[in-house]
Amino acid sequence: MNNAILKTQDLSKAFGGVCAVKDFSMEIHTGGIRGIIGPNGAGKTTIFNVLSRIYVQDEGTIEFDGKDISTETQIQVARMGLARTFQNTRLFKGLNVLDNVKVALDHAGEYSLFSALFLLPSRNRKEREIEEKAMSCLRLLNLDQYAKASPSNLSYGYQRRVEIARALANDPKVLMLDEPAAGLNPEETSQLMDFIRNIQDKYPKLAILVIEHRMELIMNLCTHIYVQDSGLTIAEGTPSEIQQNPRVLSAYLGEED
Amino acid sequence: MNAYQTGLIIQISISVMTVVAVFAMTGLAGMFSLGQAAYMAVGAYVTFVLSKYLEIPYTITGIFAILLCILLSWVIAIPTLKLRRDYFALITVGFSQMIIALILLLEDYTRGSIGFAKIPRIDNLFWIALGAMVLIIFWIRNLKYSRFGRMAIALKNDEVASRSFGIDVYKLKIKIYVLASAIAGFAGIIMAMRNRVITPDSFGWASSSEMQIFLFFGGTNSLTGAILSASILKWLPELLRNVTLFGISMQEYRTIIYSILIIIVINFRPQGILGEKEINFRWVGKLFGKLKKSTVTKRKTDE
């Protein structure tokens, strides 16, 4: 198990003197599911934004699929197969569910603007391929009945699922979920957990990294957890180790006098 | 059809071409430009001024003018499309003022504000204009339903999220802006052919904003809306030509009429008259299906 798909070494990021993440090191393997937990402001989303290259880190290295991506751009990393979702659902208005999934495939659509304007056969062929791929992704996750629906007409829980399906459309190697259960009620949360387990079954080679501050989701899904507090990793290990770790308990439940 | 009617139809098709191009740029990709009329000016002036002074046919100078529009819009897009959207809008205004200033400065060739009138009569302009309009509508419709259209709508919504799907936001914006500007340049040539005289003030800021008003009236997300509002709103002042208010023809009030209309629309239907609706064949089919069904049920109840 030495071939980590995504690996960071001493990652640090500060915003004008305020240290958001300090010396963060982690790794995740193919087929694995790991979580990052921590209270608000612990730097969880900053880690995701650095990994997906929205921010550039101040220090540290990131290795993805055996390649150093510390200097790559957001677009390149996305094309290499590092997919993510966002904390607030960011489905594109004006596109239906199917088109939202297609967008994830479109950068690799392989037909020119010219053939698009003139409706050339090459365009139609590629467009059919994109449609099939997007539909099969939706079908795999039992979302195909919503293909023609407008995202804003779906419940929040389903919007989340569509967003995850969209991130999966291009067969990424790593999927990063940024607080997937935010804004969901307990029932929707448990449905979402089933949904994520279903993804693990359907995409056995996918590595999933989850950020969450809700304990139950992460404790039930992940095999390995990193606990962040004020930018520092205060603990890491299996869920049962984390649950008994005194530093984690004090960060979450407050110090005992 | 008399000359007035054909002239009006040509004018409407020019309006549709420009608004459809603005739809691709603003409606799909969310780039709010207030300088598209400047490309019309480049198209019109370069074609006919060069044709006259270099004594080469306007078909050749016309192609050159459109290539120049492509080059100009590309050069302008490279630095400005990296900026935030509001700065892009400001710079396009500046660009259009610069083009007008240039036309006035080159008075010896362009005849400045008097207007350039050495434009030959073109036969069959009616069919050329209509044909070009249909072709441009066909293109932009195809653009909307292609991967480029989807990516454009995505980047209009959220650039950061678009990048996380590997979309090269910057390059795509340049492509669409250049396409829209080339179409504007072509529409400018047709407009010069129709009016037979071009003056700098017909390509000013006001006509650029007129295109945006037409687009927002019809609905920024609807190509059908853009086409309908571009033709109806262009036609409206002509309809009101013989109506007078305070002794002045209503036609002269068109800027005021447009302004009132856009204020009403933005207030009561901010997504525009058509919103996101498009007329497509399935929709027409459904309408017919409904009619058929209703006649069938009617017949049944009659029996």
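From first to last, the protein sequence lines are chains Y and Z. Each number in our numbering comes from the position in the first sequence (counting from 1) with 33 added on. 29 is the number that our numbering gives to position 31 of the second sequence; each next residue is one higher, with no gaps. Ideal Cβ placement from N, Cα and C applies to all residues, glycine included.
Item, Value
"So, using beta-carbon positions, are Z/I97 and Z/A159 closer together than 8 Å?", "no"
"According to the neighbour-count rule (16 or more other Cβ atoms, all chains shown, within 10 Å of its Cβ), is Z/W125 buried or exposed?", "exposed"
"Y/D132 touches chain Z at which residues, Cβ-Cβ below 7 Å?", "R148"
"Using a beta-carbon distance below 8 Å, is Z/G113 in contact with chain Y?", "no"
"Between Y/R117 and Z/S162, how many whole angstroms is the CB-CB distance? I'm expecting something under 8 Å.", "6 Å"
"By alpha-carbon positions, which one of Y/S283, Y/N133, Y/A215 and Y/Y191 ends up nearest to Y/I251?", "Y/A215"
"With DSSP collapsed to three states, give me the class of Y/S45.", "strand"
"Hey, Y/Q107 and Y/I80: beta-carbon distance below 8 Å or not?", "no"
"Starting from Y/G93, trace the beta strand (DSSP E) both ways and give me its first and last residue.", "E92 to F97"
"Please list, in chain order, the chain Y residues whose beta carbon lies closer than 7 Å to that of Z/W137.", "L150"
"Hey, does Z/F184 have any beta-carbon neighbour from chain Y nearer than 8 Å?", "no"
"Does the region 201 to 209 of chain Z touch the region 33 to 50 of chain Z, meaning 3 or more C-beta pairs lie closer than 8 Å?", "yes"
"Please list the terminal residues of the continuous alpha helix (DSSP H) segment that includes Z/M248.", "Careful: Z/M248 lies outside any alpha helix (DSSP H) and carries neither H nor E."
"Kindly indicate the opening and closing residues of the beta strand (DSSP E) around Y/M59.", "V51 to I61"
"Please tell me whether Z/R145 has its Cβ less than 8 Å away from any Cβ of chain Y.", "yes"
"Rounded to a whole number of angstroms, what is the C-alpha to C-alpha distance between Y/K235 and Y/L173?", "8 Å"
"On a CA-only basis, which of Z/Y256, Z/M189 and Z/I255 is nearest Z/G5? Give me that one, please.", "Z/M189"
"Take Y/Y189 and list the residues in its own chain whose beta-carbon comes closer than 8 Å to its own, dropping the five residues that flank it on each side.", "T122, G216, L217 and E221"
"Counting only runs that start and end within the region 93 to 177 of chain Y, where is the alpha helix (DSSP H) found for 4 or more residues in a row?", "107 to 113, 130 to 139, 146 to 150 and 154 to 173"
"Measuring only between beta-carbons, confirm whether Z/F163 sits less than 8 Å from chain Y.", "yes"
"So, helix, strand or coil for Y/D262, using DSSP?", "strand"
"Do Z/A75 and Z/I138 have their C-beta atoms within less than 8 Å of each other?", "no"
"In three-state DSSP terms, what is Z/M29?", "coil"
"Measure the Cβ-Cβ separation of Z/R304 and Y/D132 and say whether it is below 8 Å.", "The displayed coordinates of chain Z run from -1 to 301. Any statement about residue 304 of chain Z would go beyond what the structure contains."
"Can Z/A219 and Y/G65 be called in contact, C-beta distance under 8 Å?", "In the sequence as displayed, the identity of residue 219 of chain Z is Asn instead of Ala. No, these two residues do not count as a Cβ contact at 8 Å."
"From Z/A63 to Z/L48, what distance separates their C-alpha atoms?", "9 Å"
"Please decide whether Z/V73 counts as near chain Y, where near means a Cβ-Cβ distance under 8 Å.", "no"
"My output table needs one value for Y/D290: the three-state DSSP class, helix, strand or coil.", "At Y/D290, the pLDDT of 49 sits below 50, so the modelled position is not reliable; the number obtained from the coordinates is stated separately. Looking at Y/D290 - three-state DSSP - the assignment turns out to be coil, as it is neither helix nor strand."
"Are the Cβ atoms of Y/I61 and Y/L242 separated by less than 8 Å?", "yes"
"Return the Cβ separation of Y/L3 and Y/P213 in integer angstroms, given the expectation that the two are a contact with Cβ distance under 8 Å.", "Because chain Y spans 34 through 290 in this model, residue 3 of chain Y falls outside it and cannot be assessed."
"What does Y/A137 touch in chain Z if you count any residue whose Cβ is under 7 Å from its own?", "F163"
"To the nearest whole angstrom, what separates the beta carbons of Y/K40 and Y/E96, a pair I think is in contact under 8 Å?", "4 Å"
"From the DSSP output, read off the bridge partner residues of Z/K171.", "Answer is none; Z/K171 lacks a bridge partner."
"Thinking C-alpha only, which one of Z/N140, Z/D121, Z/V132 and Z/I117 is nearest Y/E160?", "Z/N140"
"May I ask you to report which of helix, strand or coil DSSP gives Z/L243?", "strand"
"Which first and last residues belong to the alpha helix (DSSP H) in which Y/I241 is found?", "Here Y/I241 belongs to no alpha helix (DSSP H); instead the beta strand (DSSP E) covers A240 to E245."
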